[in-house]
Every structure is written in C-alpha cells, then in structure tokens.
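Enquirer:
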Amino acid sequence: MRKHWGGLPRPAGVKVRIIPSADHARIGLFTTVFRFGGHGGISTTGEFCNTLWGVYRKCLVRMTASPFVIQNDWMVTLETPRLILRRWREEDVAPMAAVNADPEVMRWIRDGSVRDEQQTRDGVQAWESEWESQGFGLFAVEIRSTGELAGFTGHSVPNFLPEVLPAVEVGWRLGRSHWGKGLATEAAAAAVRFGFEERGLERIVSITQVGNDASERIMTKLGMRPVRETVNPTCGRRVRVFELQSDQYVTTTR
Ligand SMILES: CC(C)(COP(=O)(O)OP(=O)(O)OC[C@H]1O[C@@H](n2cnc3c(N)ncnc32)[C@H](O)[C@@H]1OP(=O)(O)O)[C@@H](O)C(=O)NCCC(=O)NCCS
77 MRKHWGGLPR
87 PAGVKVRIIP
97 SADHARIGLF
107 TTVFRFGGHG
117 GISTTGEFCN
127 TLWGVYRKCL
137 VRMTASPFVI
147 QNDWMVTLET
157 PRLILRRWRE
167 EDVAPMAAVN
177 ADPEVMRWIR
187 DGSVRDEQQT
197 RDGVQAWESE
207 WESQGFGLFA
217 VEIRSTGELA
227 GFTGHSVPNF
237 LPEVLPAVEV
247 GWRLGRSHWG
257 KGLATEAAAA
267 AVRFGFEERG
277 LERIVSITQV
287 GNDASERIMT
297 KLGMRPVRET
307 VNPTCGRRVR
317 VFELQSDQYV
327 TTTR
C-alpha cells in the first residue's frame, strides 16, 4: 500500500474515476454534444460532426469488443482534496484567456508574450486533440469549493525541445490569485501519478526557464531531479530539464 505519492504525503481523497461501459458510451456522447455543440463551441460545425462520428465509432468499438471499459478516456477526472482535474469545456476558454493575458503569469513562458482569447481557444482545442491522439493531455484545474477554473496542469509532448524527445512533459499554469497555496503542487502530483499509474509512462520530464524558481521548487517537491540545462530554440531562453523515472517514482512512493 503506497503511503506517499510524488514525494509528498498522499492526500486521502485522490482518485481516478473510471465509469462503467454503458454509462461511458452515453456520457461520452452527451459530453461531446455539450462541449462541442454549445453556442460558439470550440469546433466548427464540420469538426463537430467529425468529432461526433469519432465518438460514436469509439463507443461502438468499445461496446462490441468488451462488456467492460477499462479506462474511460472521455471522462478522466482526478480529484484531490481541493481540486478537480478534468477535460476542457467551452466555458473554460474565457477564464483561461484571463490567465494567459496576465504578463506576470506569462513571464517565464516562451518569450514572455501574453495570449489573447483566440490563441487560448486554439490552445484548448490543441490540448483536447492531444487527449484524443495520445490518451493524455493538459487537465483543466477547477477549485472544488467554488467551481472556478484556476488554470491547467498535465501532460504534453515537448516538441519545442527536440533534444529531449521522445518525452512526455508535466507542466502547470495557474491564475495569480491562486498562487502561494500549494495548489500547483497538489495538481501536478495528481497528474504525475496519473501518468505513471494510469498511463504507464516510464519517464516524465518537466522543463522550466532558468529563473522560474517557483516552478523549480515544484519539480523538486515532486521528486524530480535536474538532468540538463540548454536553450529553448523557439525563443532563445535558457531552460532546465528535470526528470522522474517510473522506478524512482515507485521507490519514493512506497
Ligand atoms: C509556478 C506556479 C504554478 C506556482 O503555483 P503555486 O500554486 O504558487 O505553487 P505551490 O504553492 O504549489 O509551490 C510553489 C513553491 O515554490 C515556492 N516559491 C514561490 N515563489 C518562489 C520564488 N520566487 N523563489 C523560490 N521559491 C518560490 C513556494 O514557497 C512553494 O514552495 P514551498 O511549498 O516549499 O514553500 C505559478 O506561479 C504559475 O502559474 N506561474 C506562471 C506559469 C508558469 O511559470 N508555469 C510554469 C512554466 S515551467
């Protein structure tokens, strides 16, 4: 029985929800309609139809291949004591755009530029595509007590730094009003656990610009260690690469 998790005491409430197959099919279909079919939805009508067809196909394959669905990719939800980590919805775009519009938040991201609502919408769509193609992605991070969107954490492939590939990165970004409460660490630890235990990743990296001390601190608290310092070719800024191997994770979490 694991007592620790990501180098931290394991919060009692952390769990990955797995929803049984029949419900899964219905909920997945409903969620797609809800997420993509709403007013000014993330996709255009054509993409919406494709998405709907994709879900229908997936449900059919799953329901005919096995009476049980082992993992419900559509409805992956992680719960921590203070947070819900979940897939993205149309109504997340505006609060996430507000986070991306804050220069202090964006100071250590690429060249430090802020992003507008359309760029945020494109980003959310790309993150959702990554969930579809890879089975992992960036989670929307929601405050349990208020339902407010705080930002994101989760996994992505760091294509901007080819020298570390193949790799899966864990990252985070929260609105400034949520800093300094341990929320990023709480969220990232749940994502790391999901990556190792639910997705079977063998190594997770995290990449931060030199000077982003809060992020380095989170990496250290997650049990990651620095393995490389280099330059991000897309913006010319120096970055440090941290990593955690699954066997190290198991050792630190037992
Ligand atoms: C990085 C970020 C997610 C941190 O969020 P947070 O919820 O405040 O983080 P946590 O409270 O979980 O942990 C931060 C840790 O860094 C420490 N810290 C914060 N600012 C620091 C600084 N300037 N120097 C050194 N340590 C710092 C905190 O004390 C804390 O460590 P502790 O628990 O040992 O006291 C948040 O600042 C953010 O979203 N920044 C903008 C986006 C970003 O830079 N993302 C990362 C890109 S790699």
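Numbering-wise (the working numbering), the sequence shown opens with residue 77 and increments by one. The beta carbon of each residue, even a glycine, is placed where N, CA and C say it ideally should be.
(1) For glutamate 180 and chain C, any beta-carbon pair shorter than 8 Å?
(2) Between the beta-carbon of arginine 163 and the beta-carbon of alanine 216, is there less than 8 Å?
(3) Over what stretch of residues does the beta strand (DSSP E) that includes glutamate 305 continue unbroken?
(4) Within the segment 175-213, note down every full alpha helix (DSSP H) run reaching 4 residues or more, in order along the chain.
(5) May I ask you to report which of helix, strand or coil DSSP gives phenylalanine 228?
(6) Please confirm whether any heavy atom of ligand 1 lies closer than 7 Å to the CB of histidine 231.
(7) Determine the closest residue to glutamate 167 out of Ile185, Glu193, Leu154, Ser189, with distance taken between C-alpha atoms.
(8) Residues bridged to glutamate 319 by DSSP?
(9) Smallest Cα separation from isoleucine 280: which of Val246, Thr261, Glu180?
(10) Taking the beta carbon of serine 189 as the centre, do at least 16 other beta carbons fall within 10 Å, making it buried, or is it exposed?
(11) Leaving out the 5 sequence neighbours to the left and right, which residues in its chain are closer than 8 Å to methionine 182 when beta-carbon positions are compared?
(12) Where does leucine 159 sit, in a helix, a strand or coil, going by DSSP?
(13) Assign phenylalanine 236 to one of three DSSP states: helix, strand, or coil.
(14) Going by other Cβ atoms of all chains shown within 10 Å of its Cβ, with 16 needed for buried, is valine 169 buried or exposed?
(15) So for valine 268, helix, strand or coil by DSSP?
(16) On the premise that arginine 186 lies in contact with cysteine 311, defined as a C-beta separation below 8 Å, what is that separation, rounded to the nearest angstrom?
(17) Mapping DSSP to helix, strand and coil, what is serine 241?
(18) Label leucine 225 either buried or exposed according to how many other C-beta atoms from any shown protein chain fall within 10 Å of its C-beta, with 16 as the threshold for buried.
(19) Helix or strand or just coil, what does DSSP make of arginine 313?
Expert: This is what the structure holds:
(1) The displayed structure is made up of one protein chain only, and chain C is not part of it.
(2) yes
(3) Note, glutamate 305: beta strand (DSSP E), 301-307.
(4) 179-182, 193-210
(5) Collapsing the DSSP output to three states places phenylalanine 228 in a strand.
(6) no
(7) Restricting attention to Ile185, Glu193, Leu154, Ser189, the CA atom closest to the CA of glutamate 167 is found in Glu193.
(8) Val281, Arg301
(9) That would be Val246, whose Cα lies nearest to the Cα of isoleucine 280.
(10) Classification for serine 189: exposed.
(11) So the qualifying residues of the chain are Asn176, Gly188, Ser189, Val190, Arg191.
(12) In the structure shown, leucine 159 falls within a strand segment according to DSSP collapsed to helix, strand and coil.
(13) coil
(14) The residue is buried, with at least 16 neighbouring Cβ atoms inside 10 Å.
(15) helix
(16) 5 Å
(17) Here residue 241 is leucine; the residue named in the question, serine, does not match the sequence. Leucine 241 falls in the coil class under three-state DSSP.
(18) buried
(19) coil
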